[in-house]
Structure formats: structure tokens, C-alpha cells
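Here's the structure we're looking at; comments come further down.
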């Protein structure tokens, strides 16, 4: 029988971490969120409050439910707050070595039965699990961005993940109102193995002059009925994240079709990472974003 998860830890107070904390607290879980940057934690809590306010305005959540959810969230800069957690979800940057360092520091403070989940969007679950003291209780739980809106969670078992961990993770996702898709532990899993190469190809088309930013995004939105064009979506995801995923795919499959577009590399080198930096394929310094080229 799978364990019931009632106390959740979240590592990382960025978009993904705060989104996971948001949905978990609304679902009735006690949530401890940790980040090395206290200012990031303050920003995350304020963002969660604003986003729940939008749900209240739409009638999806009551004002009382909002207050109860916010009261369930505690924050800190030290992993010791996870001592009684049933599961900790890591939502740090998409870098294997950074994640492994987090897990090595995390494991000593956890109770033996605690599950560790990673929100990685592309990195080997088996490889990350090997950096912990509990590979059987380690799993991939890939939420989509923005977490409160997107219904899917990819669940990825490592080679050692046991059945109880898988069942508990699926049950948690369902409690959070999500639909799960089970993916095998291959680079990029399902969503990003298909999505990010499409984005990379759009960048390649821009680089080659096949179309400009607006033409490429308009063509894909109206020609394939996508809500966002691939370049707009890349800015939303973060160009650094897109590049990191392409590099995982390129290295993992050793196939040239996954080689990152040179223009994508150049934008990341320039610090043009999309919405979060104010500039990517679009310039976000004005009310209406305009193409940068």
C-alpha cells in the first residue's frame, strides 16, 4: 500500500516551486518551501497570494480557502524544515550537478520513509537518484508551467523506483487536481522530447531567415492551432531552460538532430533569457511586447 502524503517540502521558490506550493497548499497539504535566497521566498509567497486572489475573483476559490492555504505555507533557508516531510519536491535550476548537490545535503535531514521527487524536465531520474541514499524512494514529478493552470504531471520512474513510491506520487498528483502521464526515463521524457526540439527548430528557422519572429509565431499559432507561437513559448519557458534541455537531449542521444541552434546559444550568452529578463525573442520593456529582430 502506498504512503499518504500530508506534509510536503518544496526546494526552490521560483516559478515552478511557488506554483507547486500554491496547488499543494490549496489541496490541504502542509507545505515547507526552502530557497537559499530569503528575498525569493518573500516574492514567492506574495506571488502565490496574488495568484490565489485571481482564483477568488473568478469564483474558483473562496476567500476563506485562500487564507487557510496561505497559513499552511512555511518558508526557510535551511533543509532542517523538512525533518517531518513525507515528500520533498526539488524544483531548482535544470542542472544535474546542482540537483545532486541539493540531494546530498537534503538526505541526512529526512526521515527514512520520505520520498524525494525531482521536477526536472529532462535529466535522468536514475542518475539523480544515485546521488541519494534512497533510490527506491526517488521519482520524477514533472509539473508544467504555470503549475496552477496546467493539468499535466509527467511521472517518471528511475530504474530503482519502487511501486509504493510510484503509487504515492500518482495519488498526490491526483489530489492536486492533476492528470498524470507515465514516461520512461529517457532524456526529455515525453513532453520536452517533442516540444523543445520544435522550439529549437523554430529558432533555427529564424536564424536562417525562413521567417521573422512574428511570421514564425503567427504561422504556428494559426496553422497548427497552438495557443502560443514557439518563440513566444520559448521566452515564457526561459531560453536558458530550453538550451539546457536541448543539451541534455543532444548529449543523451548523441544525435545531431538535437544540436542546439546557434542563435539560441547566442541569446543565452547575451543574457536574453525571455520574459524573466525582459528580453528574448521579444522585448518586454513595453506594454505590448515587440520582436527583438
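Numbering (the working numbering), first residue to last: 1 to 293.
We put the beta carbon where it would ideally sit given N, CA and C, even for glycine.
What you are looking at is a predicted structure, and each value in this text was computed from that prediction instead of being measured.
Next item on the list: Assess, as a yes-or-no matter, whether the segment 120 to 129 is touched by the segment 51 to 67 under the definition of 3 or more beta carbon pairs within less than 8 angstroms.
Entry: no
Next item on the list: Between the Cα of residue 145 and those of 135, 120, 100, 131, spot the shortest distance and give me the residue it belongs to.
Entry: 120
Checklist line | CB of residue 235 within 8 angstroms of CB of residue 281, strictly | finding: yes
Margin query: In whole angstroms, give me the CA-to-CA distance for residue 118 and residue 100.
Written below: 10 angstroms
Check: Going straight from the alpha carbon of residue 16 to that of residue 136, what length do you get?
Finding: 24 angstroms
Notebook entry, point to check: Expressed to the nearest angstrom, what Euclidean distance is found between the alpha-carbon atoms of residue 237 and residue 169?
Noted result: 24 angstroms
Notebook entry, point to check: So, is residue 31 buried or exposed, given that buried needs 16 or more other C-beta atoms within 10 angstroms?
Noted result: buried
Margin query: To the nearest angstrom, how far is the alpha carbon of residue 46 from that of residue 73?
Written below: 12 angstroms
Next item on the list: Using a threshold of 8 angstroms, state whether the C-beta atoms of residue 69 and residue 14 are closer than that.
Entry: no
Margin query: Per the DSSP calculation, residue 8 is bridged to which residue(s)?
Written below: 31, 87
Notebook entry, point to check: Quick one: what's got a C-beta closer than 8 angstroms to residue 277's C-beta in the same chain, skipping five residues either side?
Noted result: 271
Next item on the list: Give the DSSP-derived three-state secondary structure of residue 143 in the structure shown.
Entry: strand
Note to self: I need the DSSP call for residue 48, collapsed to helix, strand or coil.
What the structure shows: helix
Item checked: With 16 other Cβ atoms within 10 Å as the buried cut-off, status of residue 173 -> buried
Item checked: Pairwise C-alpha distance: residue 211 and residue 205 -> 7 angstroms
Note to self: Measuring alpha carbon to alpha carbon, tell me which residue in 203, 61, 223, 106 is nearest residue 232.
What the structure shows: 203
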